[in-house]
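A quick write-up on the structure given underneath.
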Amino acid sequence: MNDMTTTHPVTITEKLQWLENRYWKFGEEENLDDHLHDIFEVDDDGQRTAQPRLDPLTRETRGLMVLGASGNGKTALLMRALRADAVLTEFKIDQGGNTLFITVPPEATIKKLAEIILAKTGYTKVDAKLRAADAWEIARHRFGLVGIKTLVIDECHHILRSGPGRDIPAAIQALKHIMQSEHRVALIISGVPGLKNAILAEPTGETMRRFNELPLSRIRTGSKSAAMFGRNFLKSANTLGVHVDAEDALPERILFAEYGQVGKSVELGKEILRAAITRKCAAITLENAERVFKKSKSGLDMTPFHAADWNVVKAELNAIGWGQ
Ligand SMILES: Nc1ncnc2c1ncn2[C@@H]1O[C@H](COP(=O)(O)OP(=O)(O)OP(=O)(O)O)[C@@H](O)[C@H]1O
Ligand SMILES: [Mg+2]
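In the working numbering, the protein residues as written are 5 to 328.
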């Protein structure tokens, strides 16, 4: 599936819907794909399959840990992979699919996570007195039964929170067991950097060594990701029929304004485009962009959208300590 769909939105409603649904690639898609290549079997054509790679000596699968600060695009990246991937398909009851995507709620314990998996795979006979270990036993069995080969656990750090009634060592072991038991699956977990620290706290390190790591960071000035962001923004503007003057360096200013934080930068970029569409503007000026930016950040004397040469504005903002 192509992320930049080739449809041509015409009406304002169509344009807004098109814009909202846009996933803007920022380069980490390739890195994720590269990691997936290592944790799944590859066929004779070199194509990755949905079959988790098994270590023949241990009969274990491998895991991948996607780490990044809040808003760095972890969820968007993983969900996009499920939409776009040639072999990984999201599991839904009645529809099948080989990959189960779970989002861990903030207060969830390891037992609660097993219960969520049971519910998502259509197992409704959960006894309230079921122990965590038994709930996991059934959950793993369900994977084999319904054909799930990969488990994605988003916001995984929540199950490793400390506090009364929480058993962190057991939670870490449950993660490890997902890759070892009879119905083992490939495991992708995602969370804030503290997720890795929590797993590292296990003295033996036996769970950590089963995971590869994909760290997501901010988009840095001059990087390939920054160039991709610029292309996405301009391509979207083009499809939406809004003119953007390349000399205004709007994408650079947006990244600078949001410190390269992926989620915030995409949000501001889309909001600037949205403002132009809903007001039927044929072009986006720096003044337009500044008005949008000031709605979320008031009280600034000078913003990155100040109507002057970008290098001059950037130097001035750096001089007054922007971003420190
Ligand atoms: N590549 C992208 N294209 C379009 N929108 C994106 C992209 N990356 C992130 N976003 C948007 O930015 C916001 C934040 O991203 P996301 O929720 O994926 O971050 P996260 O790392 O999962 O954060 P958290 O740890 O808080 O869950 C979301 O609204 C998401 O839709
Ligand atoms: Mg998220």
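Glycine is no exception: its CB is placed at the ideal position from the N, C-alpha and C atoms.
None of these values were measured; they are calculated from a predicted model.
- With contacts defined as CB atoms closer than 8 Å, Val296 and Ile276 qualify as a contacting pair.
- The nearest non-hydrogen atom of ligand 1 is 7 Å or more from the C-beta of Asn35.
- Going by beta carbons, Thr93 and Val156 fall outside the 8 Å limit.
- Taking a contact to require three or more Cβ pairs closer than 8 Å, the region 111 to 119 and the region 157 to 171 qualify as touching.
- Counting along the chain, the unbroken beta strand (DSSP E) around Pro219 starts and ends at 215 to 219.
- In the three-state reduction of the DSSP assignment, Asp89 falls in the coil class, being assigned neither a helical nor a strand state.
- For Leu218 and Ala85, the gap between their C-alpha atoms comes out near 14 Å.
- Under DSSP, Phe44 shares a beta bridge with Pro56.
- In the DSSP assignment, Ser194 falls within the beta strand (DSSP E) that extends over 190 to 195.
- Taking 3 residues as the shortest admissible run, the region 212 to 281 contains the following complete beta strand (DSSP E) segments, listed from N- to C-terminal end: 215 to 219.
- For Val266, the distance from the CB to the nearest heavy atom of ligand 1 is below 7 Å.
- The Cβ-Cβ distance between Lys153 and Gln51 does not fall below 8 Å.
- Cβ contact annotation for Ala280 (same chain, cutoff 6 Å, sequence separation greater than five): Val246, Ile288, in chain order.
- With respect to the 8 Å criterion, Leu204 and Met212 are classified as neighbours on the basis of their beta carbons.
- With fewer than 16 other Cβ atoms inside 10 Å of its own Cβ, Ile97 counts as exposed.
- Counting every other CB atom within 10 Å of its CB across the protein chains shown gives Cys160 a total of 16 or more, marking it as buried.
- Classified as exposed, Lys239 has fewer than 16 neighbouring CB atoms from the shown chains inside 10 Å of its CB.
- Its chain contains Pro308, Lys318 as the residues whose beta carbon lies nearer than 7 Å to that of Phe260, once the 5 sequence neighbours on both sides are disregarded; these appear in chain order.
- Membership of Ile142 in the alpha helix (DSSP H) is indicated by the continuous run 136 to 150.
- Closer than 7 Å to some heavy atom of ligand 1: that does not describe the Cβ of Asn315.
- Bounds of any beta strand (DSSP E) do not take in Val316; it lies within the alpha helix (DSSP H) bounded by 314 to 323.
- The C-beta of Ala230 has 16 or more other C-beta atoms within 10 Å across all chains shown, which makes the residue buried.
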